[in-house]
Amino acid sequence: MDEKIIMDLHNHSALSPDGKNEPEEMVRRAVELGIEYYSLTDHLEINKFYDEEYPYEEPVKRASLIIPPLIEKYSGKIKMSYGVELGQPLQDMPLTNRMLSSYKYDFIIGSLHMCNGWEDFYLLDYTKVSADMLMGLYFEELLEMARWGEFDVLGHLTYPLRYITGESGIAIDMEKYLPIIKEIFSTLIKNGMGIEINTSGLRQKIGKALPDEYYVSIYRQLGGKILTIGSDAHCTEDLGKGVAECIKMAKRAGFDSLAFYKNRKPEFIKI
Ligand SMILES: [Zn+2]
Ligand SMILES: [Zn+2]
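Per the working numbering, the sequence shown starts with residue 346, numbered consecutively.
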């Protein structure tokens with residue numbers, strides 16, 4: 346790996362239900378890799394907050410006690426922010442508001458892993474439910490999230506395709522969603538928010554970034570300036586993976602900088 350990994354702003358530690366390594370192991374590995382800008386963004390799945398198998402109250406609180414001191418401890422070695430991947434924020438607004446007023450996040454990725462009333466795209470059987478119908482619901486809810494506006498970047502725009510196309514091999518005619526995708530982008534831009542390129546798709550069956558260059562270019566053409574890159578690593582081995590490739594992609598799409606967030610404000614890093 347000789348290319349520089351400027352940033353990795355989306356990854357998970359053992360403070361997420363599916364994360365493997367302790368937060369400090371993740372930070373140490375990020376330092377080892379020479380990552381300059383880093384954020385741990387453990388899951389906060391609003392609609393699953395009171396889940397019996399994985400209740401979120403305690404790990405979210407633990408993160409608030411562990412992460413800020415880590416940022417301080419490694420401040421000479423890496424620029425790090427206290428992030429969160431806020432899932433399904435509109436599905437319980439009082440709870441979302443309580444969380445956002447209780448914790449002082451530097452950086453919030455807004456994600457949608459399951460449409461309102463449905464299970465995670467990763468758990469659905471696409472021989473039994475219409476993938477197309479769900480894609481419609483998905484983009485409508487993303488648009489509502491963009492209108493709500495209380496996060497910084499929209500996580501993995503094409504997340505459902507990781508499972509629908511990547512895992513289940515079902516082709517989706519994405520052209521018909523282009524108008525709503527453009528509306529989502531325009532709304533994010535108007536509200537001072539951005540998007541991320543999530544590199545995880547490059548190491549999964551779908552074989553491309555989430556979203557891929559086509560959508561990143563459209564976002565840019567519509568005036569999008571705020572772009573972050575994250576590996577969505579759930580273990581130290583995946584940290585920084587695909588970032589160098591996605592920086593090239595961002596440049597081809599017309600970007601000359603990426604955003605890093607501190608205290609919910611973007612700082613632009615030249616690429
Ligand atoms: Zn996610
Ligand atoms: Zn994630």
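Here a beta-carbon is modelled for each residue, glycine too, at the ideal position from N, C-alpha and C.
At a threshold of 7 Å, does residue i count as lining ligand 1 (C-beta to nearest heavy atom)?
i	result
Gly511	no
Gly500	yes
Ser358	no
Ser456	yes
Excluding sequence positions up to five away, which residues of its chain have a Cβ less than 7 Å from the Cβ of residue i?
i	result
Ser513	Tyr471
Leu567	Lys527, Phe530, Ser531 and Ile534
Met346	Reliability of the predicted coordinates at Met346 is poor, the pLDDT of 47 falling under 50, and no value is obtained from them.
Ala598	Glu558, Val561, Ser562 and Arg565
Pro413	Tyr427
Ser602	Phe613, Ile614, Lys615 and Ile616
Any heavy atom of ligand 2 within a distance shorter than 7 Å of the CB on residue i?
i	result
Glu430	yes
Asp353	no
Asp497	no
Asp583	no
Asp465	no
Asp601	no
Measuring alpha carbon to alpha carbon, tell me which residue in the options is nearest residue i.
i	options	result
Gln433	Ile574, Val405 and Phe394	Phe394
Met444	Lys586, Thr510 and Glu390	Glu390
Ser456	Ser447, Thr581 and Phe466	Phe466
Lys584	Tyr522, Asp363 and Val376	At residue 584 the sequence reads Leu, which differs from the Lys that was named. Selected option, being the one with the closest Cα: Val376.
Met519	Ser426, Tyr483 and Gly462	Tyr483
Lys349	Glu590, Lys610 and Glu612	Glu590
Thr441	Met490, Tyr508, Met425 and Ile411	Met490
Is the beta carbon of residue i less than 8 Å from the beta carbon of residue j?
i	j	result
Ile540	Leu533	yes
His579	Ile454	no
Ile515	Leu488	no
Gly428	Ser358	no
Tyr504	Leu572	no
Ile551	Thr581	no
Leu431	Asp387	no
Met352	Phe605	yes
Ile517	Asp477	yes
For residue i, collect the residues of the same chain with a Cβ closer than 6 Å to its Cβ; drop the 5 residues on either side in sequence, then sort them by chain order.
i	result
Asp577	His355, Asn543 and Ser545
Val372	Leu415 and Tyr419
Phe619	Limits of the chain in this structure are 346 at one end and 616 at the other, which puts residue 619 out of reach.
Tyr522	Phe484
Leu498	According to the sequence shown, residue 498 is Val rather than Leu. Same-chain partners within the cutoff: Ile454, Gly539, Ile540, Glu541 and Thr573.
Glu495	none
Gly448	The question names Gly, yet the displayed sequence has Tyr at residue 448. Once the five neighbours on either side are set aside, the close Cβ partners of Tyr448 are Ser409.
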